[in-house]
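S.K.: Right, I'll just put the structure down here and ask away after.
2 protein chains.
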Amino acid sequence: MDPHIAPVDLAKAYRLINHGPTVLVSARAGGVDNVMAAAWACGLDFSPPKLTVVLDKMVRTRALLEASGTFAVQVPTAAQLELTRIVGTRSLADDPEKLRQAGVGLFEMPGHDLPFVSGCSAWLACRLIPEPHVQQTYDLFIGEVVGAWADTRVFRDGRWHFETARPEWRSLHHVSGGHFYAIGDALDARA
Amino acid sequence: MDPHIAPVDLAKAYRLINHGPTVLVSARAGGVDNVMAAAWACGLDFSPPKLTVVLDKMVRTRALLEASGTFAVQVPTAAQLELTRIVGTRSLADDPEKLRQAGVGLFEMPGHDLPFVSGCSAWLACRLIPEPHVQQTYDLFIGEVVGAWADTRVFRDGRWHFETARPEWRSLHHVSGGHFYAIGDALDARA
Numbered sequence: 001m002d003p004h005i006a007p008v009d010l011a012k013a014y015r016l017i018n019h020g021p022t023v024l025v026s027a028r029a030g031g032v033d034n035v036m037a038a039a040w041a042c043g044l045d046f047s048p049p050k051l052t053v054v055l056d057k058m059v060r061t062r063a064l065l066e067a068s069g070t071f072a073v074q075v076p077t078a079a080q081l082e083l084t085r086i087v088g089t090r091s092l093a094d095d096p097e098k099l100r101q102a103g104v105g106l107f108e109m110p111g112h113d114l115p116f117v118s119g120c121s122a123w124l125a126c127r128l129i130p131e132p133h134v135q136q137t138y139d140l141f142i143g144e145v146v147g148a149w150a151d152t153r154v155f156r157d158g159r160w161h162f163e164t165a166r167p168e169w170r171s172l173h174h175v176s177g178g179h180f181y182a183i184g185d186a187l188d189a190r191a
Numbered sequence: 192m193d194p195h196i197a198p199v200d201l202a203k204a205y206r207l208i209n210h211g212p213t214v215l216v217s218a219r220a221g222g223v224d225n226v227m228a229a230a231w232a233c234g235l236d237f238s239p240p241k242l243t244v245v246l247d248k249m250v251r252t253r254a255l256l257e258a259s260g261t262f263a264v265q266v267p268t269a270a271q272l273e274l275t276r277i278v279g280t281r282s283l284a285d286d287p288e289k290l291r292q293a294g295v296g297l298f299e300m301p302g303h304d305l306p307f308v309s310g311c312s313a314w315l316a317c318r319l320i321p322e323p324h325v326q327q328t329y330d331l332f333i334g335e336v337v338g339a340w341a342d343t344r345v346f347r348d349g350r351w352h353f354e355t356a357r358p359e360w361r362s363l364h365h366v367s368g369g370h371f372y373a374i375g376d377a378l379d380a381r382a
């Protein structure tokens with residue numbers, strides 16, 4: 001594993017997505033790996049950490065995570081802007097070469113049979129909490145975070161360091177149609 | 192109403208929160224108004240637009256929106272950093288003067304019996320879609336967006352203009368413990 005990648009205490013895993021980045025969702029089933037972008041991912045609980053993600057009925061990644069009951073959520077960086085756009089707009093069903101064309105590299109985390117995307121800033125391994133009514137009615141999926149890691153060049157000591165890391169580490173925040181904002185300056189409210 | 196505030200087409204209302212800002216949730220019932228901060232708010236659907244928000248069982252705003260079946264979600268600005276911290280950490284139950292002490296000003300939108308927070312950049316009026324199991328088990332509330340408005344100094348023509356607006360208009364993205372990031376630079380992926 002990349003020596004820059006370090007585990008994150010599960011009690012602090014929510015901090016990896018609390019600032020609302022667009023994420024990459026990946027899943028594996030039946031020998032197929034896929035990765036998609038999702039702007040609608042959100043924290044749900046602290047302990048055990050949970051999150052929600054919205055997955056349209058037409059996306060292939062949804063079928064994979066429904067089959068395996070597990071998925072990964074990762075935080076892409078400004079350096080991955082094009083990758084994020086491509087995996088968010090092309091479908092594996094139409095384009096079997098999607099991941100290669102998007103420049104997605106995958107790696108493994110010991111103990112988790114999931115495809116993790118190389119070059120992200122943070123990774124969350126999730127176990128699907130089945131809620132069939134919610135999944136069917138709202139396309140909303142609930143995951144319990146069972147593993148968390150971050151690249152120590154931008155997240156360490158339980159917090160993000162965007163303000164001192166290189167700009168290409170900034171998280172991406174999609175508005176619409178390929179128009180994103182990077183995360184910006186740190187602002188600390190008085191205690 | 193403030194002449195800078197203009198309606199946003201409901202088809203584009205998702206764009207007001209798609210970049211993952213920390214929001215203010217407000218509700219009114221029985222003559223009581225309250226406002227709280229929530230980092231866990233997220234888009235859920237485009238048409239009709241829906242969103243989710245996580246509200247702990249101990250927060251007063253939750254009881255108000257459960258009673259009225261309506262709530263408002265608004266996007267606070269960097270200028271409202273202290274206000275956002277205060278309404279996110281103090282409870283109306285403990286501190287009846289919470290809103291005054293936080294410097295919250297409220298205003299009305301015609302046709303909506305809800306307390307809207309002055310000085311925000313965007314406002315969404317929501318109708319609660321009751322899902323008792325989801326609310327009780329996960330503290331997760333689903334709203335249909337029935338009205339949307341934005342301050343045209345930072346959102347107009349269906350998009351955010353953070354890159355040209357004054358810095359105090361930037362949205363806030365909470366990590367933990369009063370540590371926020373402002374939204375940053377625009378990044379456009381190739382079409």
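Order-wise, the sequence lines are chains A and B.
When we follow the working numbering, the leftmost residue of the first sequence carries the number 1, and every step to the right adds one.
When we follow the working numbering, the leftmost residue of the second sequence carries the number 192, and every step to the right adds one.
Glycine included, each C-beta is placed from N, C-alpha and C at the ideal position.
So, helix, strand or coil for residue 66 of chain A, using DSSP?
M.R.: For this step, residue 66 of chain A is matched to residue 66 along the first sequence. DSSP places residue 66 of chain A in helix when its eight states are reduced to three.
S.K.: Quick one: any contact between the stretch 87-96 of chain A and the stretch 135-144 of chain A, if contact means 3 or more CB pairs under 8 Å?
M.R.: Verdict: no, contact absent.
S.K.: Strictly under 7 Å for the Cβ-Cβ distance: is residue 5 of chain A near chain B by that measure?
M.R.: Here the question's residue 5 of chain A lines up with position 5 in the first sequence. Not closer than 7 Å to any Cβ of chain B, the Cβ of residue 5 of chain A fails to qualify, so no.
S.K.: Return the chain-ordered ranges of every beta strand (DSSP E) run that is complete within the stretch 193-232 of chain B and spans a minimum of 3 residues.
M.R.: Here the runs fully enclosed are 196-198, 214-220 and 223-229.
S.K.: What is the C-beta distance between residue 119 of chain A and residue 164 of chain A, in whole angstroms, given that I count them as a contact (C-beta under 8 Å)?
M.R.: The count along the first sequence starts at 1 and reaches residue 119 of chain A at position 119. The count along the first sequence starts at 1 and reaches residue 164 of chain A at position 164. About 19 Å separates the two Cβ atoms, so there is no contact after all.
S.K.: Please go through the same chain and pick out, in chain order, the residues whose beta-carbon is closer than 6 Å to the beta-carbon of residue 289 of chain B, but skip the five residues on each side of it.
M.R.: Counting from 1 along the second sequence, the entry for residue 289 of chain B is found at position 98. So the list reads 281 and 283, once near-sequence residues are dropped.
S.K.: Answer yes if the stretch 210-218 of chain B comes into contact with the stretch 259-267 of chain B, meaning at least three C-beta pairs across the two stretches below 8 Å, and no otherwise.
M.R.: The stretch 259-267 of chain B is in contact with the stretch 210-218 of chain B.
S.K.: Excluding the 5 residues flanking residue 293 of chain B on each side, which residues of the same chain have their C-beta closer than 7 Å to its C-beta?
M.R.: In the second sequence, residue 293 of chain B corresponds to position 102, counting from 1. Taken in chain order, the residues that qualify are 274, 277 and 278.
S.K.: Run the CB neighbour count on residue 365 of chain B, radius 10 Å, all protein chains shown included, and call it buried at 16 or more, exposed below.
M.R.: The residue you call residue 365 of chain B lines up with position 174 of the second sequence. Buried, by the Cβ-count rule.
S.K.: Assign residue 180 of chain A to buried or exposed, taking buried as 16 or more other Cβ atoms, counted over all protein chains shown, within 10 Å of its Cβ.
M.R.: Numbered from its first residue, the first sequence carries residue 180 of chain A at position 180. It counts as buried.
S.K.: For residue 321 of chain B, go through chain A and note every residue whose CB falls closer than 8 Å to its CB, in chain order.
M.R.: Taking the first residue of the second sequence as 1, we reach residue 321 of chain B at position 130. Those within 8 Å of residue 321 of chain B in chain A number zero; the least Cβ separation is about 12 Å.
S.K.: Which residues in chain A have a C-beta closer than 7 Å to the C-beta of residue 211 of chain B? List them in chain order.
M.R.: The sequence position of residue 211 of chain B within the second sequence is 20, counting from 1. Chain A residues near residue 211 of chain B: 19, 20, 21 and 173.
S.K.: Can you give the Cα-Cα distance for residue 145 of chain A and residue 110 of chain A, rounded to whole angstroms?
M.R.: Here residue 145 of chain A is taken as the residue at index 145 of the first sequence, counted from 1. Here residue 110 of chain A is taken as the residue at index 110 of the first sequence, counted from 1. Those two C-alpha atoms are separated by around 15 Å.
S.K.: Expressed to the nearest angstrom, what Euclidean distance is found between the alpha-carbon atoms of residue 228 of chain A and residue 27 of chain A?
M.R.: Look at the range of chain A in this structure, 1 to 191, and you will see that residue 228 of chain A is not part of it.
S.K.: Assuming contact is defined by CB atoms lying nearer than 7 Å, are residue 250 of chain B and residue 232 of chain B in contact in what I supplied?
M.R.: On the second sequence, residue 250 of chain B is found 59 positions in, with the first residue counted as 1. On the second sequence, residue 232 of chain B is found 41 positions in, with the first residue counted as 1. Not in contact: residue 250 of chain B and residue 232 of chain B (Cβ atoms no closer than 7 Å).
S.K.: Taking the beta carbon of residue 157 of chain A as the centre, do at least 16 other beta carbons fall within 10 Å, making it buried, or is it exposed?
M.R.: What you label residue 157 of chain A is simply residue 157 of the first sequence in a count that begins at 1. Exposed is the call here.
S.K.: Between which two residues does the alpha helix (DSSP H) holding residue 87 of chain A run?
M.R.: Translated into the one-based positions of the first sequence, residue 87 of chain A becomes position 87. Where residue 87 of chain A is concerned, the enclosing alpha helix (DSSP H) stretches over 81-89.
S.K.: Name the residue from B:316, B:297, B:222 and B:210 whose alpha carbon lies nearest to the alpha carbon of residue 39 of chain A.
M.R.: One-based indexing of the first sequence puts residue 39 of chain A at position 39. For residue 39 of chain A, the nearest C-alpha among the options comes from B:210.
S.K.: Using a beta-carbon distance below 7 Å, is residue 9 of chain A in contact with chain B?
M.R.: Indexing the first sequence from 1 puts residue 9 of chain A at position 9. Answer no: the Cβ-Cβ gap between residue 9 of chain A and chain B never drops below 7 Å.
S.K.: At a Cβ threshold of 7 Å, is residue 317 of chain B touching chain A?
M.R.: Translated into positions along the second sequence, residue 317 of chain B becomes position 126. Not one chain A Cβ lies under 7 Å of residue 317 of chain B.
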